[in-house]
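First the structure, in the form of structure tokens, and then the observations on it.
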Amino acid sequence: MKQTSSAPLSHYHPFIGPPITREIFPEGNRLSSPGTQHCGGGGAIEGADAPVAELHDLFCKKLQQCCVLFDFLDCVADLKGKEIKRAALNELVESVATSRGVLIEPLYPEAIKMISVNIFRTLPPSENPEFDPEEDEPTLEASWPHLQLVYEFFLRFLESPDFQPSMAKRYVDQKFVLQLLELFDSEDPREREYLKTILHRVYGKLLGLRAYIRKQINNIFLRFIYETEHFNGVAELLEILGSIINGFALPLKAEHKQFLVRVLIPLHTAKSLSIFHAQVSHTIHTNINVPSLDTLLVCSAVMFLGEIEEILDVIEPSQFIRVQEPLFKQIAACISSPHFQVAERALYFWNNEYILSLIEENCQVILPLVFATLYRVSKEHWNQTIVSLIYNVLKTFMEMNSKLFDDLTASYKVEKQKELKRERERAELWRGLEEHQERRMQMLTEAARNQRNLQERGDPQTPSSPQTAHSDQPEPKPSGASSGAGESAT
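Offset between the sequence shown (1-based) and this note's numbering: plus 4.
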């Protein structure tokens with residue numbers, strides 16, 4: 005084994021031994037990808053081949069060597085040690101990325117330990133409490149020369165064909181994920197970008213952690229909305245959720261629907277909304293556009309109406325008369341649908357000239373079936389296009405039979421007044437019942453209070469009672485008893 009001419013690493017750092025100068029893969033046995041630069045920590049082995057067990061042992065020692073941390077706030081301290089660690093990290097990254105058979109079970113705890121030691125740390129408080137990401141420059145991580153390589157190794161580790169989730173899940177557990185999520189508060193956008201990709205890989209590879217990851221992201225957002233109003237990684241976490249939502253299975257769980265109502269919409273109240281508005285908007289759009297059972301029903305309704313129109317195009321007038329009543333009751337129900345596509349497709353029947361002629365011939369039957377629905381929806385529907393289409397249909401009916409139209413309008417208004425009257429009577433009845441219940445509760449409370457007062461007055465006074473102990477006047481005695489006592493005293 006060749007040795008470097010430099011001083012041992014322990015000369016530069018008190019917690020590390022001599023540098024491991026042998027490369028993991030010798031020059032004759034290296035599996036390099038095109039364009040990959042290698043920065044080894046020392047010379048290569050003399051010879052092309054080496055035992056696999058020896059290479060695994062060397063890989064493990066390199067991982068242990070990279071657990072040593074350096075102070076990057078002091079730019080001139082431990083320069084040699086920093087360079088040796090950087091070279092070792094480079095070699096680890098290249099080995100995982102380009103070689104097969106490297107990741108065996110004993111290396112998993114060592115790899116996760118090296119990653120944890122390097123990336124998990126207490127994030128310093130912001131130097132500028134009024135930090136504005138749109139105006140101010142972020143504080144970059146001083147140890148990024150090493151930290152970037154550790155993140156790169158972690159990413160290659162997760163993406164390696166040799167990666168075994170069944171082995172990794174023993175070490176990448178809930179505690180590890182929670183610490184990983186806390187790092188999203190880093191001010192350094194480079195670190196957050198790596199974290200975003202890594203967390204997405206963890207979510208995809210380790211199925212048992214998926215629910216926990218979603219729950220903890222929810223907790224971060226809720227804490228951000230209702231407590232701290234500060235978290236640097238909101239945009240990155242929203243991007244992760246956007247891709248997660250795309251993979252939700254049908255039908256959607258209550259958890260996924262509640263996330264929209266309890267987290268995504270309240271995020272719009274944050275003062276820093278402008279920073280992550282694009283991400284929250286995209287996530288909401290993705291959440292709403294997830295195919296759901298409602299969407300399937302809407303598609304079915306629209307297709308059903310299309311098929312009905314095709315049948316009506318060829319139906320005979322005599323056959324139409326037999327189906328017109330149940331048919332237009334169903335069409336009226338579709339017109340009242342809150343989903344505009346269903347209502348719009350039903351109203352398009354009045355654009356078909358042949359169907360319109362059938363409606364005109366049977367106006368006396370059809371108009372009463374749909375009039376109330378048309379009139380009500382014209383006043384209540386949220387979509388202005390639907391309202392305009394309904395006005396056109398009402399205008400068509402008025403031109404077909406103005407007298408019937410006026411009669412139905414008057415009848416509808418009378419029924420509406422009766423309905424309003426019934427609503428008022430119902431409200432008054434409930435108000436009366438509530439007042440009666442309130443009076444009853446007051447009477448019961450008063451009766452209970454009176455009963456307590458009577459019980460207190462009826463209790464005999466004990467010698468230790470305040471009235472007896474602190475009374476300055478003698479107790480009154482009957483006159484007979486007083487005179488008897490006086491005679492006795494005399």
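Glycine included, C-beta positions come from ideal geometry on N, C-alpha and C. Small disclaimer: the values here were computed from a predicted structure and weren't measured.
Relative to the C-alpha of residue i, which candidate in the options has its C-alpha closest?
{"i": "histidine 289", "options": "Ile249, Thr389, Gln323 and Ser340", "result": "Ile249"}
{"i": "alanine 347", "options": "Ile202, Val318 and Val397", "result": "Val397"}
{"i": "asparagine 223", "options": "Glu186, Arg196 and Val206", "result": "Glu186"}
{"i": "proline 128", "options": "Val306, Arg227 and Leu77", "result": "Leu77"}
{"i": "lysine 219", "options": "His343, Leu241, Ile390 and Ile119", "result": "Leu241"}
{"i": "isoleucine 312", "options": "Ser285, Ala282, Thr287 and Phe353", "result": "Phe353"}
{"i": "lysine 89", "options": "Glu109, Tyr379, Arg104 and Met118", "result": "Met118"}
{"i": "valine 391", "options": "Ala172, His343 and Glu109", "result": "His343"}
{"i": "aspartate 192", "options": "Pro149, Phe375, Val284 and Val72", "result": "Pro149"}
{"i": "glycine 85", "options": "Val72, Ser103 and Lys173", "result": "Val72"}
{"i": "leucine 67", "options": "Ala91, Asp82, Met404 and Gly310", "result": "Ala91"}
{"i": "alanine 274", "options": "Thr232, Thr287 and Val306", "result": "Thr232"}
{"i": "phenylalanine 401", "options": "Lys422, Asp166, Leu378 and Ser99", "result": "Leu378"}
{"i": "serine 276", "options": "Phe225, Leu151, Ile315 and Lys261", "result": "Phe225"}
{"i": "phenylalanine 161", "options": "Ile394, Thr126 and Val206", "result": "Val206"}
{"i": "phenylalanine 158", "options": "Leu96, Asp410 and Ile221", "result": "Leu96"}
{"i": "methionine 171", "options": "Lys333, Gln262, Ser147 and Glu109", "result": "Glu109"}
{"i": "serine 341", "options": "Glu384, Leu362 and Glu365", "result": "Glu384"}
{"i": "phenylalanine 74", "options": "Ser147, Glu423 and Glu58", "result": "Ser147"}
{"i": "lysine 261", "options": "Thr287, Leu448, Ala282 and Leu424", "result": "Thr287"}
{"i": "leucine 362", "options": "Leu331, Ala376 and Ala414", "result": "Leu331"}
{"i": "isoleucine 394", "options": "Asp410, Ala376, Lys407 and Tyr230", "result": "Ala376"}
If we ignore side chains and look at the alpha-carbon of each, how far apart do residue i and residue j end up?
{"i": "arginine 435", "j": "glutamine 446", "result": "16 Å"}
{"i": "glutamine 388", "j": "serine 322", "result": "36 Å"}
{"i": "serine 304", "j": "aspartate 140", "result": "52 Å"}
{"i": "phenylalanine 280", "j": "leucine 153", "result": "28 Å"}
{"i": "tyrosine 155", "j": "arginine 266", "result": "33 Å"}
{"i": "glutamate 114", "j": "histidine 60", "result": "12 Å"}
{"i": "serine 120", "j": "tryptophan 386", "result": "53 Å"}
{"i": "glycine 208", "j": "glutamine 441", "result": "58 Å"}
{"i": "leucine 62", "j": "arginine 227", "result": "44 Å"}
{"i": "valine 56", "j": "lysine 65", "result": "14 Å"}
{"i": "leucine 210", "j": "leucine 111", "result": "18 Å"}
{"i": "tyrosine 416", "j": "asparagine 356", "result": "27 Å"}
{"i": "serine 190", "j": "serine 99", "result": "29 Å"}
{"i": "aspartate 82", "j": "leucine 199", "result": "28 Å"}
{"i": "phenylalanine 324", "j": "leucine 316", "result": "8 Å"}
{"i": "valine 318", "j": "serine 382", "result": "30 Å"}
{"i": "isoleucine 123", "j": "alanine 101", "result": "20 Å"}
{"i": "alanine 336", "j": "glutamate 439", "result": "41 Å"}
{"i": "glutamate 419", "j": "glycine 212", "result": "59 Å"}
{"i": "serine 130", "j": "methionine 307", "result": "57 Å"}
{"i": "arginine 174", "j": "leucine 309", "result": "55 Å"}
Just to confirm, are residue i and residue j a CB contact at a threshold of 8 Å?
{"i": "phenylalanine 188", "j": "glycine 246", "result": "no"}
{"i": "cysteine 338", "j": "alanine 350", "result": "yes"}
{"i": "isoleucine 244", "j": "leucine 203", "result": "yes"}
{"i": "leucine 107", "j": "cysteine 70", "result": "no"}
{"i": "valine 284", "j": "leucine 271", "result": "yes"}
{"i": "leucine 371", "j": "asparagine 405", "result": "yes"}
{"i": "valine 374", "j": "glutamine 328", "result": "no"}
{"i": "isoleucine 116", "j": "valine 181", "result": "no"}
{"i": "glutamate 163", "j": "glutamate 195", "result": "no"}
{"i": "tyrosine 216", "j": "glutamine 178", "result": "yes"}
{"i": "aspartate 166", "j": "arginine 125", "result": "no"}
{"i": "glutamine 334", "j": "valine 302", "result": "no"}
Under a three-way DSSP split, which group does residue i fall into?
{"i": "tryptophan 354", "result": "helix"}
{"i": "serine 392", "result": "helix"}
{"i": "glutamine 7", "result": "Because glutamine 7 carries a pLDDT of 35, less than 50, the predicted location of this residue cannot be relied on, and the following value inherits that uncertainty. In this structure, glutamine 7 counts as coil in the three-state DSSP scheme."}
{"i": "arginine 168", "result": "It is glutamine, not arginine, that sits at residue 168 in the sequence shown. Three-state result, glutamine 168: coil."}
{"i": "isoleucine 49", "result": "Any reading at isoleucine 49 must be qualified, since the residue scores a pLDDT of 27, below 50, and its modelled position is unreliable; the value itself is stated next. Isoleucine 49 falls in the coil class under three-state DSSP."}
{"i": "valine 80", "result": "coil"}
{"i": "aspartate 411", "result": "helix"}
{"i": "aspartate 140", "result": "coil"}
{"i": "aspartate 61", "result": "helix"}
{"i": "lysine 417", "result": "helix"}
{"i": "leucine 107", "result": "coil"}
{"i": "tyrosine 216", "result": "helix"}
{"i": "glutamine 471", "result": "No answer about glutamine 471 holds up, because its pLDDT of 47 lies below 50 and its placement is not dependable."}
{"i": "serine 37", "result": "With a pLDDT of only 32 at serine 37, under 50, the local geometry of the prediction cannot be trusted, and the value read off the model is given with reservation. It is coil, neither helix nor strand."}
{"i": "phenylalanine 158", "result": "helix"}
{"i": "valine 121", "result": "helix"}
{"i": "serine 130", "result": "coil"}
So, does the CB of residue i fall closer than 8 Å to a CB anywhere in chain C?
{"i": "lysine 417", "result": "Any reference to chain C falls outside this structure, which holds one protein chain only."}
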